[in-house]
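A.B. asks:
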Amino acid sequence: MDELPKLVVLHVSPWSERVRWALDHHGIAYQLIQHAPFLGEGRLRKLVGDNGRAATVPVLVDGAQVISQSWDIVAHADRHGRGTTLIPAAHEDAIREWVGIVDTAAGHGRALVIGRMLRSPPALDESLPPAVPRWLRPLLRPITRHGSRWFARKYGLDLDAALANERAVIDALDHLRRSLGGRRYLLGELTYADIVVATLLQGIAPVDDEYIRLGPATRDVWTNRALAEHYADLLTWRDALYREHRRAPPMRA
61 MDELPKLVVL HVSPWSERVR WALDHHGIAY QLIQHAPFLG EGRLRKLVGD NGRAATVPVL
121 VDGAQVISQS WDIVAHADRH GRGTTLIPAA HEDAIREWVG IVDTAAGHGR ALVIGRMLRS
181 PPALDESLPP AVPRWLRPLL RPITRHGSRW FARKYGLDLD AALANERAVI DALDHLRRSL
241 GGRRYLLGEL TYADIVVATL LQGIAPVDDE YIRLGPATRD VWTNRALAEH YADLLTWRDA
301 LYREHRRAPP MRA
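First residue of the sequence shown: 61, per this note's numbering; consecutive thereafter.
1) Over the uninterrupted alpha helix (DSSP H) stretch that includes I133, give me the two end residues.
2) Report yes if the C-beta of W297 is less than 7 Å from at least one heavy atom of the ligand NAD; otherwise report no.
3) Is it right to say T10 is buried, meaning 16 or more other beta carbons lie within 10 angstroms of its own, or is it exposed?
4) Use the C-beta contact count for R312: other C-beta atoms within 10 angstroms, 16 or more gives buried, fewer gives exposed.
5) What distance in whole Å lies between the Cβ atoms of H151 and L247, which are believed to be in contact at a cut-off of 8 Å?
6) Report the rounded CA-to-CA distance for M61 versus G141, giving the unit in angstroms.
7) Ignore the nearest five residues each way along the sequence and tell me which others in V245's own chain have a CB closer than 6 Å to its CB.
8) Could you give the DSSP three-state label for I161: helix, strand or coil?
9) If you draw a straight line from the C-alpha of Q262 to the C-alpha of R209, how long is it?
10) DSSP three-state call for L294: helix, strand or coil?
11) Roughly how many angstroms lie between the CA atoms of A286 and L70, to the nearest whole one?
12) In this structure, does DSSP put M61 in helix, strand or coil?
13) At the level of alpha carbons, what is the spacing between R80 and I174?
14) Since R205 contacts L172 with CB under 8 Å, what's their CB separation in whole angstroms?
15) Is DSSP giving I272 helix, strand or coil here?
16) Taking the alpha-carbon positions, what's the V72 to G160 distance?
17) Can you tell me which of K106, P193, K214, L188 puts its alpha carbon nearest to the alpha carbon of A96?
18) Taking a contact to mean a Cβ-Cβ separation below 8 Å, would you say V126 touches I93 in this structure?
19) Can you tell me the Cα-Cα spacing of G143 and A222, whole angstroms?
20) Would you say the segment 129-141 touches the segment 229-241, given that touching needs at least three Cβ pairs under 8 Å?
21) Hey, R201 and V281: beta-carbon distance below 8 Å or not?
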């Protein structure tokens, strides 16, 4: 039996959710490997190799191929999986534009989440790997705080610019609302653009635990209650998209 591709992800990351959705959409089975920021950096760098860029997740290892960009992983799934294409040639330019818009906004959103996490000791405790005993977690908060700040530096996040960060997220959500105009899909059919913008909303109100399981404190720091109320229509759209199109990972035969 051929070895399954390995997918290295960060459990809470919208970028990781994008590629998991694409692989599951195409019925591609894979071995899931959870990355631990800061603590798992050496393993990740060894896996990705020296490509001149910071080692980031998600990463797909399929045989001799090591694919370290979300777009490239989705394109790989389009080529090798079954089901409808998520990056059809007719919409590629529009999808790339949406990815650019969302990546920028999601970076600002990530800064907001990290800022809230640093103010939430229970969320810091939940960020540790499952094997860490519960009694030990509070004692490790200096390490988890350091790791969170290190993560922010790695991705160039400005944790002190909360107003500017939120403004960037709002601008993207307003653009999404205008572009959707009450329709089911941005481009007339399910594409990677819909998946990308759906994951942006994770930083407004996370999806149900059925799709991405979060601890209560983690869910709280990923929730922006004011924006969740203002963009309730987009969250309703997101939840419907998940119900209709977010498939479970295929079982290995």
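We put the beta carbon where it would ideally sit given N, CA and C, even for glycine.
C.D. replies: Walking through what the data contain:
1) I133 -> alpha helix (DSSP H) spans 130-140.
2) Absent from the structure shown: the ligand NAD. Ligands present: none.
3) Because residue 10 is not part of the residues shown, which for the chain are 61 to 313, the question remains open.
4) Legend: pLDDT at R312 = 46, less than 50; position of this residue unreliable, no value from coordinates given.
5) Confirmed, Cβ separation roughly 5 Å.
6) Caution applies to M61, whose pLDDT of 48 falls short of 50 and renders its modelled position unreliable; the model cannot decide the point.
7) Here residue 245 is Tyr; the residue named in the question, Val, does not match the sequence. Scanning its chain for C-beta atoms nearer than 6 Å, with the 5 sequence neighbours on each side dropped, one finds around Y245 the residues D254, in chain order.
8) In this structure, I161 counts as helix in the three-state DSSP scheme.
9) When the Cα atoms are used, Q262 and R209 turn out to be separated by approximately 21 Å.
10) For L294, the three-state secondary structure derived from DSSP is helix.
11) Our two residues, A286 and L70, have alpha carbons roughly 26 Å apart in a direct line.
12) No answer about M61 holds up, because its pLDDT of 48 lies below 50 and its placement is not dependable.
13) Roughly 23 Å separates the two Cα atoms.
14) Between L172 and R205 the Cβ distance is about 17 Å, and since that is not below 8 Å, they are no contact.
15) For I272, the three-state secondary structure derived from DSSP is coil.
16) Each residue's alpha carbon lies about 20 Å from the other.
17) For A96, the closest of K106, P193, K214, L188 by C-alpha to C-alpha distance is L188.
18) For V126 and I93, no; Cβs fall outside 8 Å.
19) Each residue's alpha carbon lies about 41 Å from the other.
20) Counting Cβ pairs under 8 Å, fewer than three are found: no touch.
21) Their beta carbons are not under 8 Å apart, which means R201 does not touch V281 by this criterion.
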